[in-house]
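Working notes for the structure below.
Number of protein chains: 2
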Amino acid sequence: MDDLRNLFLEALQQETNYLQKELPHHLYAIINGYLQGGGKRLRPCLLLMCAQAAGGDVEKALPAALAVEEFHTWTLIHDDVIDHDDFRRGNPTGHILGCRLGKEAWKLSDNVAADYGVSAAILAGDSLQARATEKLFELKDFQPQTIMSLISNMTGLLTQDLLAGEQLDVEMSHMSWNDVTEDTVMTMINGKTGALLKYCAEAGAALGMDTPIEACPTALQLGQFARNCGIAFQLQDDILGIYGEEAKLGKPIGSDIREGKRTLLACRALAMLSETDAAKLRSILGRADITQDDITTVRNLMNGKPLESVQNDAESYVQTALSCLEMALPASPCRDALHDFAMKMTKRVM
Amino acid sequence: MDDLRNLFLEALQQETNYLQKELPHHLYAIINGYLQGGGKRLRPCLLLMCAQAAGGDVEKALPAALAVEEFHTWTLIHDDVIDHDDFRRGNPTGHILGCRLGKEAWKLSDNVAADYGVSAAILAGDSLQARATEKLFELKDFQPQTIMSLISNMTGLLTQDLLAGEQLDVEMSHMSWNDVTEDTVMTMINGKTGALLKYCAEAGAALGMDTPIEACPTALQLGQFARNCGIAFQLQDDILGIYGEEAKLGKPIGSDIREGKRTLLACRALAMLSETDAAKLRSILGRADITQDDITTVRNLMNGKPLESVQNDAESYVQTALSCLEMALPASPCRDALHDFAMKMTKRVM
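Line by line, the protein sequences are chains A and B.
Numbered as in numbering that gives the first Met the number 0, the first sequence ends at 349 without a single skipped number.
Numbered as in numbering that gives the first Met the number 0, the second sequence ends at 349 without a single skipped number.
Shown next, in the form of structure tokens:
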């Protein structure tokens with residue numbers, strides 16, 4: 000996976016050079032902050048691994064790897080505006096950087112600059128959404144139907160599933176805990192995290208076999224592999240949101256608690272705890288002024304059975320993913336790499 | 000044009016039925032408010048007129064007519080968030096409707112509901128941006144290259160030009176009048192209004208001749224026709240923003256003055272007026288607490304030479320458009336209809 004990541008990073012450098020020339024300066028700066036801001040590059044690497052596993056040439060698939068990273072990035076930029084998050088991976092988010100740039104350029108007051116930052120982040124995300132699709136037109140030496148299927152799946156199913164998940168996330172944040180069901184949480188996770196990983200695997204395999212996604216059983220099976228990986232990834236992410244280390248995650252621990260984030264772990268804990276403990280947990284989740292003691296209380300309340308059961312769920316999503324993988328591909332070093340990818344979903348600490 | 004508008008409106012009804020089934024309810028409600036909210040349907044009608052003028056079948060071009068209306072609409076939804084506009088064509092804008100829906104659904108407080116409204120409007124715009132592109136895949140009985148050229152131009156040049164114009168509009172609002180040049184204003188108008196009208200004409204003609212846009216001289220010439228119409232349209236729009244009637248425009252007169260909107264008319268007036276009058280005008284433009292007397296003062300100051308010179312400019316953009324039209328097409332009833340379209344740009348009162 001490291002070789003593929005390096006290949007991707009080289010191509011990314013060329014892409015950001017292009018964006019610097021083409022986009023208004025502030026929009027470029029916001030986008031570049033995210034694209035260069037590190038991250039695990041899970042999505043482009045998954046796409047390239049699937050292209051390779053399906054017998055394709057990874058170099059030829061690079062425009063699609065850039066497209067999915069750009070797609071992921073525009074959703075993050077808008078997500079950060081919606082969630083009022085100030086930092087991501089230790090860097091200022093788009094609207095915060097935009098705010099700073101507005102102050103530098105026109106000496107704006109705090110309020111006006113904050114408003115400018117939000118505007119710039121909205122437009123930067125819009126611009127990158129379009130660019131992600133446009134990038135797919137740079138795919139060469141594939142049949143037109145293959146490329147068309149990647150484009151129509153991106154602008155169709157993928158975007159609509161992902162945005163439905165995002166909207167559900169926002170809606171759930173306004174529901175009382177009594178109205179938040181595990182089913183709703185899983186639908187949200189499937190859209191917000193599962194849909195794009197599924198697309199990455201499908202697109203990679205479809206390119207590897209130069210066949211439209213819909214007509215490529217390998218692509219569809221690898222899509223299910225990746226979707227299940229994505230769900231395991233998100234369950235682990237929510238566990239790290241409670242038990243992770245701030246320095247490794249690049250975001251303040253406790254923010255999920257402060258926001259009362261609707262997670263499977265929280266639902267499970269509220270369902271499993273005694274009435275008294277559940278009431279105590281509910282009283283802390285979503286409170287803006289939590290203390291370090293409150294964080295410890297939440298950790299203790301969720302520990303034991305709730306945590307174990309969500310960890311078990313995450314493991315079984317990984318197992319389902321691995322079954323899909325075995326159906327999709329015969330044994331090979333490439334399949335082993337995808338096996339390792341799935342195993343990392345629940346083992347990671349950042 | 001009325002026949003084409005009715006044909007479009009029928010297809011629009013089917014499209015909104017589809018969106019109602021597919022999208023999260025609040026996102027659908029926001030989008031539907033704009034799509035059903037009237038408006039002149041200039042863009043889809045222009046596309047269909049150009050398809051017809053280039054010898055095509057308008058029924059077959061309908062998905063593209065819907066795509067450009069949806070494209071226009073997502074830019075309006077995000078634009079209204081950025082400009083904090085509460086009404087458009089007399090209807091509540093997306094974030095205002097979203098705010099109301101949030102209150103109804105979860106009894107949110109005013110602040111939380113306003114924040115929810117903005118989130119929902121951002122996601123509704125994102126969703127519709129993707130849908131506009133996806134809609135182009137419904138074009139049937141055209142060569143793949145023709146359809147591909149419509150898609151790549153939409154996600155490439157069109158979106159980037161339009162967003163660069165939008166960003167320039169936001170940036171200019173923070174510049175002092177001394178730094179706002181006529182050139183910058185014209186670049187902004189070219190992007191914000193010219194780019195989409197150009198695309199509509201290009202796409203329509205390319206479909207009419209079933210040829211990719213780049214390989215179709217008629218499409219490129221009609222694109223220039225439409226771009227010039229778009230600029231004339233915007234110059235007239237800015238005149239109506241000062242001299243129009245509130246009831247006809249569906250937005251409060253004086254809002255352009257209150258916001259200190261950077262228009263060619265304002266630039267021209269500031270350049271042509273005596274130092275004293277220019278200072279008086281500058282002191283009113285952009286002030287939040289203007290009175291009816293201030294509006295009258297601005298109208299009087301801009302009247303005469305500044306207004307006439309911008310009206311002359313608008314007329315000469317129409318004349319340029321008509322020259323492009325004559326080069327693009329031989330005389331025909333369809334060309335006459337496009338001629339009428341151009342003439343309406345500067346004659347309209349709403």
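Think of the CB as a built atom: it goes at the ideal place given N, C-alpha and C, for glycine as much as any other residue.
### Task
With a cut-off of 8 Å on the beta carbons, I'd call Ala53 of chain B and Thr217 of chain B a contact; round off their distance for me.
About 6 Å separates the beta carbon of Ala53 of chain B from that of Thr217 of chain B, a gap short enough to meet the 8 Å contact definition.
### Query
DSSP three-state call for Pro251 of chain A: helix, strand or coil?
coil
### Query
Beta-carbon of Gln166 of chain B versus every beta-carbon of chain A: anything under 8 Å?
Yes, contact with chain A.
### Task
Can you tell me the Cβ-Cβ gap for Thr145 of chain B and Asp209 of chain B, rounded? I've got them flagged as a contact below 8 Å.
Right, their Cβ atoms sit about 5 Å apart.
### Task
Using a Cβ cut-off of 8 Å (strictly closer), state whether Pro23 of chain B contacts chain A.
yes
### Task
Could you check which residue in B:Glu133, B:Ile121, B:Val111 and B:Met187 has the C-alpha nearest to that of Leu75 of chain B?
Checked all of B:Glu133, B:Ile121, B:Val111 and B:Met187; the closest Cα to Leu75 of chain B is B:Ile121.
### Task
Reducing DSSP to helix, strand and coil, say where Pro211 of chain B ends up.
coil
### Message
Quick check: what's the CA-CA separation for Arg334 of chain B versus Leu221 of chain B?
### Response
11 Å
### Query
Would you report the Cα separation of Ile212 of chain B and Gly303 of chain B, rounded to the nearest angstrom?
42 Å
### Stretch pair the region 121 to 137 of chain A + the region 158 to 172 of chain B: three plus CB contacts closer than 8 Å
yes
### Query
Per DSSP, which one or two residues make a beta bridge with Asn90 of chain B?
B:Arg87
### Message
Counting only C-beta atoms, is Ala287 of chain B closer than 8 Å to chain A at any point?
### Response
no
### Query
Could you give the C-beta distance for Tyr115 of chain A and Leu107 of chain A, rounded to a whole number, given that I count them as a contact under 8 Å?
6 Å
### Query
What residues in the region 104 to 117 of chain A have a beta carbon less than 7 Å from any beta carbon of chain B?
Listed in sequence order: Trp105, Leu107 and Tyr115.
### Message
I'd like to know whether the C-beta atoms of Ala200 of chain A and Ala225 of chain A end up nearer to each other than 8 Å.
### Response
yes
### Query
Would you say Gln159 of chain B faces chain A, with C-beta separation under 8 Å as the test?
yes
### Query
Just by C-beta distance, which residues in the region 122 to 136 of chain B are closer than 8 Å to chain A?
Leu122, Gly124, Asp125, Ser126, Gln128, Ala129, Arg130, Thr132, Glu133 and Phe136
### Task
Evaluate Lys20 of chain B with the Cβ neighbour count: other Cβ atoms within 10 Å of its Cβ, from every protein chain shown; 16 or more gives buried, anything less gives exposed.
Exposed, since its Cβ has fewer than 16 Cβ neighbours within 10 Å.
### Query
Which residues, taken in chain order from the region 65 to 92 of chain A, show a beta carbon closer than 7 Å to some beta carbon of chain B?
Among the residues of the region 65 to 92 of chain A, those with a Cβ less than 7 Å away from any Cβ of chain B are His77, Val80 and Ile81, in the order of the chain.
### Query
Which parts of the region 103 to 140 of chain A are runs of the beta strand (DSSP E), unbroken and 3 residues or longer, counting only runs that do not cross its ends?
none
### Task
Determine the closest residue to Leu61 of chain A out of A:Tyr27, A:Leu22 and A:Asp140, with distance taken between C-alpha atoms.
A:Asp140
### Message
For the alpha helix (DSSP H) containing Asp304 of chain B, name the first residue and the last one.
### Response
This sequence places Lys at residue 304 of chain B; Asp is not what is there. First-last of the alpha helix (DSSP H) with Lys304 of chain B: Lys304 to Ala327.
### Query
Which class does Met174 of chain B belong to by DSSP, given the choice of helix, strand or coil?
coil
### Task
Just the C-alpha distance for Lys343 of chain B and Leu34 of chain B, rounded to the nearest angstrom, thanks.
23 Å
#### Entry: Cross-chain neighbours of Pro143 of chain A in chain B, by beta carbon under 9 Å
Residues of chain B passing the Cβ test: Pro143, Gln144 and Met147.
### Message
Measuring straight from C-alpha to C-alpha, what distance separates Ala287 of chain B and Gly229 of chain A?
### Response
49 Å
### Query
chain B partners of Ala163 of chain A, CB-CB under 7 Å?
Pro23
### Query
Does DSSP put Ile29 of chain B in a helix, a strand or coil?
helix
### Query
Within the 8 Å Cβ cut-off, does Met326 of chain B reach chain A?
no
### Query
Got a sec: is the Cβ-Cβ distance from Val169 of chain B to anything in chain A below 8 Å?
yes
### Query
Quick one, which of A:Ile283, A:Leu219 and A:Glu170 has its alpha-carbon nearest Cys323 of chain A's?
When each option's Cα is compared against that of Cys323 of chain A, the closest is A:Leu219.
### Task
Could you tell me the distance, in whole angstroms, from the CA atom of Ile238 of chain A to the CA atom of Leu306 of chain A?
8 Å
### Message
Between Ala131 of chain B and Met153 of chain B, how many whole angstroms is the CB-CB distance? I'm expecting something under 8 Å.
### Response
7 Å
### Task
Kindly indicate which three-state DSSP category Pro332 of chain B falls into: helix, strand or coil?
Three-state DSSP puts Pro332 of chain B in a helix.
### Query
So which residues of chain B does Ala101 of chain A contact, with C-beta pairs closer than 8 Å?
Rather than Ala, the amino acid found at residue 101 of chain A in this sequence is Gly. Under the 8 Å cutoff, chain B gives His173.
### Min CB distance Thr186 of chain B to chain A below 8 Å
no
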